[in-house]
Amino acid sequence: MNDFLNLESKLLEIEGSGLLRRRKTLSGSQGTRITIDGKSFLNFASNDYLGIAESKEARDAVTKSLHEFGFGSGASHLVVGHQSPHDNFEKAMAEFLERESTLSFSSGYMANLGILQSLATKGDVIIADKLNHASLIDGVKLSGAESKRYPHCDLDALEKRLAASGQNKFVVTDSVFSMDGDIAPLPDIVGLCQKYEAILIVDDAHGFGVLGENGRGICEHFELTQKQLPVLMTTLGKALGGNGAVVSGDKKLVDYLIQVARSYIYTTAMPASVAAGNLANLKLLMDNNERVEKLRQNISYFKMGFEVRALSKRVQLMPSNTAIQPVVIGDNQKLIVLNEKLESRGILVGAIRPPTVPKNSARLRVTISSGHSQTQINELLDILAETI
Ligand SMILES: *Cc1c(COP(=O)(O)O)cnc(C)c1O
């Protein structure tokens, strides 16, 4: 390769700052226990919040669909790749989310690029929370609109930016912040969007399946209507234990995205079996809210146990009532050492460092699932108490 790339020295620099990342290869399915290099770990690192990434229902549906529809979809949605499982899933999802229409994308990342590129354009302004997910940040760049950021969940700062912008305005935010676990003050944000005639776009990747009595997500949690929250992005790879994403809103929105969203148009449709698996897991949520309720109990149980062991005297547990429970360590190297200790004790949690989070806020990202038992949560807490 050409020398100017200097990949080796760039890699060394990344490693020197304690930022080199390594993939772990699982030899089996996702779950509360996973196997890596022949060793079994207690898993508090996945986003499978409802413990259904390995559900029997999804496996059966995928298998059945594979026999009926084959493996690859063979084309993009607008050519001949759109099969009935894609359609069935979109309809069921619209019903569950209580939205007029939904459109599925192959991933949340692509959905966010598609929304922002389609709806915002040069001359518009997009006002975004500073801690928004990377896919939203990239979508803003792709749109060509002017970008303004406001300090995390700071409503006064948001209002100032809205008031100072004369052009067409969008406000973009995560519902539940992926590395902090806190919830955006959406009723207030909705009010500001109405006052300043801005269009609100919300990414509910970590709210769906977690928030609201039935796990419908951020809209159920705050009782927000489609009118108040016109553009909603929901991912399927997290609490739904599947893959892909949907954008939902009124029929006009979906019809328009089908025409212009480049990340929808210029890509092969996801395999029909994936849509069938997504639908099978969605049906689990539609049937009852037991898993959602159990997740809520597990989150409280973890937080209570953290207090009981006086762990918050030593490290900060960020204020969060969602499945994402970050424990702030600060220094990158300290986090790495701690994380290695946890791994040697058979515990896996997310070890999140800059640039994913701000400098000096490296953290353990503990994620809770409804699949965890209280015994497993106690095991995590006891080992944290011994190692932190
Ligand atoms: C994971 C995530 C995405 C991307 O979704 P994928 O389906 O994994 O591509 C988008 N937004 C947020 C907030 C996320 O956490």
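The sequence shown begins at 378 in our numbering and counts up one residue at a time.
C-beta: ideal position from N, C-alpha, C; glycine also.
Computed from a prediction, not measured in an experiment: that's the story for all the values here.
Identity of the residues DSSP links to residue i by a beta bridge
i	result
N420	L725
G707	A739
Y527	D506
V623	S481 and T611
R410	L419
V693	Looking at the sequence shown, residue 693 is not Val but Gln. Q693 is bridged to V705.
K546	V502 and A575
T744	I701
S453	T645
L560	The residue asked about is misnamed: residue 560 is Ile in this sequence, not Leu. Paired residues: V553.
L712	Note: L712 sits in no beta bridge, so no partner.
D580	D551 and M610
L403	I413
Contact under 8 angstroms by Cβ, residue i with residue j
i	j	result
I504	K546	yes
R740	P703	yes
L563	S552	yes
T764	L715	yes
G395	R686	no
N666	I754	no
R400	F473	no
A469	L659	yes
N465	L656	yes
V579	T612	no
I769	V692	Residue 769 is absent from the model: the chain starts at 378 and stops at 765.
Q571	D501	no
Q605	V637	no
Whole-angstrom C-beta distance between residue j and residue i, which should lie under 8 angstroms
i	j	result
K671	S747	4 angstroms
G485	M610	7 angstroms
L766	L532	This structure does not reach residue 766, given that the chain is present from 378 up to 765, and the question cannot be answered.
L661	E475	So it is not a contact: roughly 18 angstroms between Cβ atoms.
V743	F421	5 angstroms
S478	G626	7 angstroms
S483	G654	Not really, about 14 angstroms apart at Cβ, beyond 8 angstroms.
Other residues of its chain near residue i: CB distance less than 8 angstroms, five sequence neighbours each side excluded
i	result
L634	L480, G491, I492, S495, V624 and Y641
A540	Y573
K416	G723
K615	N424, D425, Y426, A582, H583, F585 and G586
D565	L532
I514	A505
Whole-angstrom distance between residue j and residue i, CA atom to CA atom
i	j	result
A649	S461	8 angstroms
D759	E590	31 angstroms
M681	S689	11 angstroms
S432	M487	26 angstroms
F418	T412	6 angstroms
D414	T602	47 angstroms
I576	A652	29 angstroms
V457	G428	34 angstroms
V734	H444	43 angstroms
E720	Y678	22 angstroms
G408	G619	13 angstroms
D708	E390	17 angstroms
E392	Q710	11 angstroms
G449	E684	50 angstroms
P607	C530	20 angstroms
A452	R639	15 angstroms
A762	L397	27 angstroms
K387	D632	44 angstroms
R436	F446	15 angstroms
I560	S542	26 angstroms
Cβ shell of residue i (< 7 angstroms), same chain only, five flanking positions each side left out
i	result
G516	N489, L490, I492, L493 and Q494
G558	M695, S697, T699, I701, Q702 and P703
E597	L588, G589, E590 and N591
L403	I411, T412 and I413
A497	I503, S520, A522 and F547
Y527	I504, D506, K507, A534, L535 and R538
G405	I411 and T412
Nonlocal neighbours in the same chain, by C-beta distance under 6 angstroms from residue i, ignoring five residues either side
i	result
D664	none
Interface flag, residue i vs chain C, CB-CB below 8 angstroms
i	result
F683	Of the protein chains in this structure there is only one, and it is not chain C.
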